[in-house]
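Letter 145 of the sequence shown, counting from 1, is numbered 145 in the numbering used here, and no numbers are missing. Each residue gets a CB set at the ideal place from its N, CA and C atoms; glycine is no exception. This one's a predicted model, so the numbers in the text were calculated from it and none came from an experiment. Beneath this line is the structure, given in structure tokens, with notes to follow.
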Amino acid sequence: MVLISLNNFSKSFGSKKVFSRANFFVNRGEVLGVVGPSGSGKSVLIKIIIGFFLPDRGVLVNNSLSHSVGFSLQSNPLYDNLTVYQNLKYFGKVNNIPPKVIHSRISSLLGSLSLNDYSKVLVRNLSGGTKKRVDIACALITDPEVVVLDEPFLGLDPLLVNSLSEFILSLKGSGKTIIISSHRVPELSKVCSRMVLVKNNLIYDINKSQVLDAYG
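The structure is reproduced here in structure tokens:
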């Protein structure tokens, strides 16, 4: 079943055309990979999906039951003067999650994303890759139906990439729909059910072998 679709949509910024009568969809419960050259519009597509941008024309359809979307973008919203735990607690509170539920979810996310050792560390003292994992944890604190990740593998070593990949697959196993934009095509191909290519103002379905040949 199609969960989210963009039909015949266009988007420009001034004279720069990003999408022109493009089409996009994601099925419920799949992991969709979004690839393409730098500057092709991957991040713009992500921001349209989560509601940061509106298409200039076309129709956005969201068939999710709760319309709940958790997202981690390239620019993270973390508070440098708070610890990892405090950031997670804050984002839980602003989303009106009961305190007991917040604590349980924080414990689970810290373990799943290999962040237990950083729980009491101030965010400003973390590496870029660790900050990214904290941002992903914050995106998941609401237990969203749809998870959108922009460059989640950035700054991670091979062991952490494997750990994050396993976590993404566990999210899929729990029934979540996941959309991932990444330049790390080999890693992306291991977790995705389907992949699309953003290029020349359009969005194309493409099989994994084609993607790996072009970008792997």
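A straight-line Cα-Cα distance of about 20 Å links Y90 and S114. Around the Cβ of S209, a 10 Å sphere holds fewer than 16 other Cβ atoms; the residue is exposed.
Assignment of I141 by DSSP, reduced to helix, strand and coil, places it in the coil class. In this structure, G36 keeps its C-beta atom at 8 Å or more from the C-beta atom of L188. Annotation: the continuous alpha helix (DSSP H) that includes F91 extends over V84 to V94.
The beta carbon of V26 sits closer than 7 Å to the beta carbons of L3, I4, L32, T177 and I179 from its chain, once the five residues preceding and following it are set aside; these are given in chain order. S182 is not a Cβ neighbour of G155, given a cutoff of 8 Å. The C-beta distance from K17 to N201 rounds to 6 Å, short enough to fall under 8 Å. Nearest neighbour of F24 by Cα position, chosen from S15, N7, S38 and E30, turns out to be N7.
If you compare the alpha carbons of P186, K190 and P98 with that of D213, the shortest gap goes to P186.
Beta-bridge partners of Y204 (DSSP): L197.
Within the segment 1-50, complete alpha helix (DSSP H) segments of at least 4 residues are found at 42-49, given in chain order. S108 and V94 have their C-alpha atoms roughly 19 Å apart. Below 8 Å, enough C-beta pairs join the segment 120-134 and the segment 69-81 to call them touching: three or more. In this structure, DSSP gives D150 an extended state, which the three-state scheme calls strand. Taking V59 as the centre and dropping the five residues before and after it, the same chain places the C-beta of N7 closer than 6 Å to its C-beta, in chain order. In its chain, beyond the 5 residues on either side, G70, F71 and S72 have a beta carbon closer than 6 Å to the beta carbon of A139. The three-state reading of DSSP puts G111 in helix, counting H, G and I together. DSSP, reduced to helix, strand and coil, places L188 within a helical segment of the structure shown.
Linking I206 to S193 through their CA atoms gives a straight-line distance of about 11 Å.
Where F167 is concerned, the enclosing alpha helix (DSSP H) starts and stops at P158 to G173. Here N62 is bridged, per DSSP, to I4.
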